[in-house]
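If you read the protein sequences in the order shown, they are chains A, B, C, D, E and F.
The numbering of the first sequence is our numbering, which starts it at 71 and goes up by one.
The numbering of the second sequence is our numbering, which starts it at 71 and goes up by one.
The numbering of the third sequence is our numbering, which starts it at 71 and goes up by one.
The numbering of the fourth sequence is our numbering, which starts it at 71 and goes up by one.
The numbering of the fifth sequence is our numbering, which starts it at 71 and goes up by one.
The numbering of the sixth sequence is our numbering, which starts it at 71 and goes up by one.
The C-beta atom is built at its ideal place from N, Cα and C for all residues, glycine as well.
Computed from a prediction, not measured in an experiment: that's the story for all the values here.
There are 6 protein chains.
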Amino acid sequence: MKILVLNPNTSAAVTEKVADSVRRIARPETQVTITQIAHGPETLESYYDESLAAPHILAAVRQAHEDGYDAIVLAAFCDPAIEAVKEISTIPVYTLEETAFSVALLLGNKFSILTEKKHKESVKRQHVRKYGLESRFASVRALNMSVAEITADPERVKQVGREVMRRMIQEDGAEVIILGCASMTGYADELERDLGAAILDPIVVTYKVAEALTEAGVRHSKIGLYATPAPKKII
Amino acid sequence: MKILVLNPNTSAAVTEKVADSVRRIARPETQVTITQIAHGPETLESYYDESLAAPHILAAVRQAHEDGYDAIVLAAFCDPAIEAVKEISTIPVYTLEETAFSVALLLGNKFSILTEKKHKESVKRQHVRKYGLESRFASVRALNMSVAEITADPERVKQVGREVMRRMIQEDGAEVIILGCASMTGYADELERDLGAAILDPIVVTYKVAEALTEAGVRHSKIGLYATPAPKKII
Amino acid sequence: MKILVLNPNTSAAVTEKVADSVRRIARPETQVTITQIAHGPETLESYYDESLAAPHILAAVRQAHEDGYDAIVLAAFCDPAIEAVKEISTIPVYTLEETAFSVALLLGNKFSILTEKKHKESVKRQHVRKYGLESRFASVRALNMSVAEITADPERVKQVGREVMRRMIQEDGAEVIILGCASMTGYADELERDLGAAILDPIVVTYKVAEALTEAGVRHSKIGLYATPAPKKII
Amino acid sequence: MKILVLNPNTSAAVTEKVADSVRRIARPETQVTITQIAHGPETLESYYDESLAAPHILAAVRQAHEDGYDAIVLAAFCDPAIEAVKEISTIPVYTLEETAFSVALLLGNKFSILTEKKHKESVKRQHVRKYGLESRFASVRALNMSVAEITADPERVKQVGREVMRRMIQEDGAEVIILGCASMTGYADELERDLGAAILDPIVVTYKVAEALTEAGVRHSKIGLYATPAPKKII
Amino acid sequence: MKILVLNPNTSAAVTEKVADSVRRIARPETQVTITQIAHGPETLESYYDESLAAPHILAAVRQAHEDGYDAIVLAAFCDPAIEAVKEISTIPVYTLEETAFSVALLLGNKFSILTEKKHKESVKRQHVRKYGLESRFASVRALNMSVAEITADPERVKQVGREVMRRMIQEDGAEVIILGCASMTGYADELERDLGAAILDPIVVTYKVAEALTEAGVRHSKIGLYATPAPKKII
Amino acid sequence: MKILVLNPNTSAAVTEKVADSVRRIARPETQVTITQIAHGPETLESYYDESLAAPHILAAVRQAHEDGYDAIVLAAFCDPAIEAVKEISTIPVYTLEETAFSVALLLGNKFSILTEKKHKESVKRQHVRKYGLESRFASVRALNMSVAEITADPERVKQVGREVMRRMIQEDGAEVIILGCASMTGYADELERDLGAAILDPIVVTYKVAEALTEAGVRHSKIGLYATPAPKKII
């Protein structure tokens, strides 16, 4: 089984981080390639960024078909171009947000999302509604630290993150927390021990679900939302 | 007041059709420009098509800011790149699907959407959920005729469309019907008389709402879903 | 085009305030009449008040038909007798709450409502549910000042209102705020600048939507919720 | 315990029918008065009719307080002026639609409503949403016979009603059916035996719930939706 | 009429408390038996406890049929084995949580639930969703006192309970509060006077609804969720 | 990694069928034990049956902890005693219905469930609501053949099943179909080819998800819905 893990931005550092996570959990017999898109924004923090990345994501997905991959993991917690990708793909595609949500449903009554910036809270709420999961959603809360602060003081990130999560549990009713921001990755186990909630690292659960369901022969439906686009004149 | 009506595909025929509709209803003192994107698919019938059109839509939106437009109407009933467009825009942007839904809410308890192809029914259901309006949604039904059939026999399109709408009213509880497919445009008045339901032509209602709200100084919120993207390194 | 703006209470002061707002934004070629009901409560602050006003609202609506109006704007943020009015009316009727909600949907992910008294929060929550918009609703919060306080100290109203709105944005996720209480009207622009959220003055957006949609020939559906009542023996 | 059963229309025939039902099930020690409003429409079939009846309903409710009643049952399956009535009332008020819905929840997963005319289906759907019960709602279907047909041929009413109910069960998933139209009253037991579903006669269940909860000292909350209206200047 | 009130745990103290409440409100002509299951946990505080109690509840329900009871009230605010019980029962069964929810709907826009321990908040949220009532649900909050604290200091329970309820009203929008924890029973009237909200004691309202609806001949539907199980080989 | 696949009924034939499915897809390095409960009903077709099976399921789960299993798959498409099992378990537990629903979300906009008997449609609708997934749910439809018919004529089962699924796709908008009834198992691939929809065999996807997530160290949250029950006096 060959799986492509595609980082849909152009940050080599992020790709490396994703690669670290995936290599630790990939089964030895799976051939995993971890790569990034050829061109596009260094990070995806807006729908605008996603629009710029989309053509390069789609190109990489097409290439993956030619290269004989059995499945693709799109490794960004915003599911960029998810519908377009599933439309053109005949092999399974798993994205981080959608898959982490599905896994969260199995672990407790309500889940919360940790995000980085305040305005992303609105975006996450919209996504939860788009996926039809509002009834299982406890809250989204942002770290709300500047990139400078995050870089300068990792210890403080951890402390602030822990405090935000404690409020998700105490005030919002979260039983499961999804680490929707890269700066918290790597602390999941420690936080899980301290806080009691199930803490999900999206890349980990998505990769494993992709590996498992692909092995089982599961494919996305091509008769509705993800129907293959008809060929079309493009000027 | 200067309004840009942007057809987000490259079909001159569609642009002309939109122009006809808009010119009939635009107020004389509004300067309306009706145009289309410079490059991209001839029609938008999939998320994939929309991804291809997006960079050109975004370029046109940026240009509209430089050209001093007061508002933009994005003239396709699939709201392509709607969030990205509103993120980068500081002038109001109105899109056909979203605006037609908002107007439908004012006219009856439940609305239905007429679409062209069967698989688009899933897409429309997803959109209705994304916009949080399932409780006001009666149904979506497709004409389900091939383009060849549609072109060959306009009279039959009308007849089939009428039959589909009658089922929306009788079986689905629709009181308002949105003409979500170009082939039915132009028949709204006649159908409204025959069927009794309110029939909405999205371009008409969206253009008028855009004109009115822009005049009233209404702007979209820039603190959440549509926050202006931070500048970013693009490779 | 002739539009009747009907204040459904008997306060001349409120009618004058509405008239000020409408005259500032009405198009010169529209003939607008701003009036109030002949008899009834001085303000509408309960369903009971609305019941008392209803017969006089309905009489005014009938008269508007005889006087050849093309549309009616019912100028109170509680949509009094909305269904009865639409049932007997064959010309379009736009009400403030419903229309402001529809416009809010176009401007951000979630909207909040500012109201005057604590117990009206329950009423607004019920209305949001009745209109099927809970998924797009952030919160309702009351100023919670007595009329005496409001009258005595306009500067404090502004200050309290600003503080309440800040909480809507910070704690409730509001991106759009509807000024559902008269005492805040007139501050929309200033608040919008300060708080960043889109602030809606219901009379302004409703009047403009009414003007625009009426010009476009839009009418409410008469086959379901607003079917014309059959004549009936009344004792 | 003194209970007032108020028919909110002016049809003596309907009042008599209600009285028959109530007398059969009222406990001997309860003093029940069954009456009708002094003036108003002969039947309530629209929101407009309800607006006309409202002042007379409210007057009767005030009178009931003076006459020392312990509770009021408002005997029409459209809950006319329900909020206004509960606002001005300090004694419990039970209405047919709301109470029948609450009882239906206890008897099966989903309930359907039988109504008389097609356009009332929209009204019932709106009510179900207003009461927040869409998730437990199977469907509403109309008999769709003219009054003439209903009067002329009671046997056919029964036959058509049975056929409609069979479709509610087979196609819509109804387990409980609420007889929301007077012409079917009296057949509940027979239909229940034939169809297997629980069939609810709203006046019966509402009266009994009112009697029971009043005896238990239950009262509606006066701090939110039903807060007592402040006195007000009425012109 | 013979009603069995079944305490589905083995605490004689709880059974006695239930008996006190029921005897105060039962009609003299009703023959009420208040009893408890023969074997099982002393209290039901988890789904696990409920699983252990279930066989004994089911046995008691079967016995009730043989003993000629007309209805059963299952007296625990967690509705243990509710579906299984209704499946095997041909006489009406009323449970505390479900019935209290249905009554709460009649008394205000939103209800809250007072519970004992923090983790039960998740359970109650799940139940509210299972019953399809999220839209009418304000909140659940726990007393969060240890059993030792509750036993040692009844006065403090009352004080903490009052404070928690005040927050339900002020912060969560509750108009009706359901006493979902035994330690608060008996204070309903006093709290209702102090707080203004309607306070429901589940055993009281459920018993009275059971008595009333049974008298009216109401039965649960046996064609769907509660269909009688087919006989089956058990090893 | 050691996984216990527990058939929660006492049919050796079903256990064998499950074993066949699991062995085909289990990874060679996983030690899988497929077994059934020691006592209980031969099949689980009602909540009553589940209540009878529950003590034996719970005993088997406890034993699995002692035997050092890393995860448990509960192999029945009704999730019997799911909450109780997760409460007492500190190792992950995956159940067929819940997991199949989570996987279905990743494959299309809406899913349908094929069930055996008509009355189970109500049960499945309740489950979908309990899991908060109504917005992603297309429909449930029953084969509605007697066991005799199913046994006698497998070819007709296939034919009827295919026809029912075709209606799910054409009339209900299903893109994903979950084989919620054993008689259809084994036909998934063939049906998927014929119908185009994604067809899920619950045991297959659940086993693979369990294997994958357990390997990734994912555990259910123990702070809310699935909190470990306190020890308790049992009589």
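Looking only at C-alpha atoms, which of the options sits nearest to residue i?
| i | options | result |
| --- | --- | --- |
| residue 99 of chain A | A:281, A:298, A:215 | A:281 |
| residue 112 of chain D | D:167, D:304, D:79 | D:79 |
| residue 215 of chain B | B:196, B:202, B:187, B:125 | B:187 |
| residue 131 of chain E | E:121, E:143, E:122 | E:143 |
| residue 193 of chain F | E:88, E:294, E:174 | E:294 |
| residue 228 of chain A | A:239, A:243, A:253 | A:253 |
| residue 191 of chain B | F:198, F:195, F:179, F:191 | F:179 |
| residue 135 of chain D | D:268, D:226, D:73 | D:73 |
| residue 181 of chain F | F:272, F:299, F:162, F:260 | F:272 |
| residue 168 of chain D | E:165, E:266, E:175, E:301 | E:175 |
| residue 213 of chain A | A:303, A:200, A:153, A:183 | A:183 |
For residue i and residue j, I'd like the C-alpha separation in whole angstroms.
| i | j | result |
| --- | --- | --- |
| residue 296 of chain A | residue 208 of chain F | 16 Å |
| residue 286 of chain D | residue 274 of chain E | 7 Å |
| residue 170 of chain B | residue 278 of chain B | 11 Å |
| residue 90 of chain D | residue 151 of chain E | 39 Å |
| residue 83 of chain A | residue 232 of chain A | 24 Å |
| residue 104 of chain D | residue 240 of chain C | 54 Å |
| residue 160 of chain C | residue 251 of chain C | 30 Å |
| residue 270 of chain D | residue 248 of chain D | 5 Å |
| residue 283 of chain A | residue 243 of chain F | 24 Å |
| residue 133 of chain E | residue 127 of chain E | 10 Å |
| residue 196 of chain A | residue 120 of chain A | 16 Å |
| residue 298 of chain E | residue 156 of chain E | 8 Å |
| residue 116 of chain E | residue 262 of chain A | 23 Å |
| residue 95 of chain A | residue 289 of chain A | 22 Å |
| residue 258 of chain E | residue 97 of chain E | 21 Å |
Assign residue i to one of three DSSP states: helix, strand, or coil.
| i | result |
| --- | --- |
| residue 201 of chain A | coil |
| residue 288 of chain E | coil |
| residue 122 of chain F | helix |
| residue 211 of chain D | strand |
| residue 111 of chain F | strand |
| residue 139 of chain D | coil |
| residue 255 of chain D | coil |
| residue 296 of chain B | coil |
| residue 147 of chain F | coil |
| residue 72 of chain D | strand |
So, under 8 Å CB-CB, residue i and residue j are touching, yes? Tell me the CB distance rounded to an integer number of Å.
| i | j | result |
| --- | --- | --- |
| residue 106 of chain D | residue 85 of chain D | 4 Å |
| residue 238 of chain A | residue 211 of chain A | 6 Å |
| residue 114 of chain B | residue 145 of chain B | In fact, because the Cβ distance is near 11 Å, the residues do not count as touching under 8 Å. |
| residue 266 of chain C | residue 292 of chain B | 6 Å |
| residue 323 of chain D | residue 164 of chain D | Because chain D spans 71 through 305 in this model, residue 323 of chain D falls outside it and cannot be assessed. |
| residue 305 of chain B | residue 110 of chain A | 7 Å |
In chain order, what residues of the segment 213-226 of chain C put their CB closer than 7 Å to some CB of chain E? none
Give the residues from the segment 185-198 of chain A that approach chain E closer than 8 Å (Cβ to any Cβ), ordered along the chain. Here the close residues number zero.
Please identify, using Cβ separations under 8 Å, the residues of the segment 232-248 of chain D that lie next to chain F, in order along the chain. 243, 245
Between the segment 112-146 of chain D and chain C, which residues of the former have CB atoms less than 8 Å from a CB of the latter, in chain order? Against chain C - using a Cβ distance shorter than 8 Å - the residues of the segment 112-146 of chain D are 112, 113, 115, 116, 117, 118, 119, 120, 121, 122, 124, 125, 128.
When Cβ atoms are compared, which residues of the segment 157-173 of chain D fall closer than 8 Å to chain C? 157, 158
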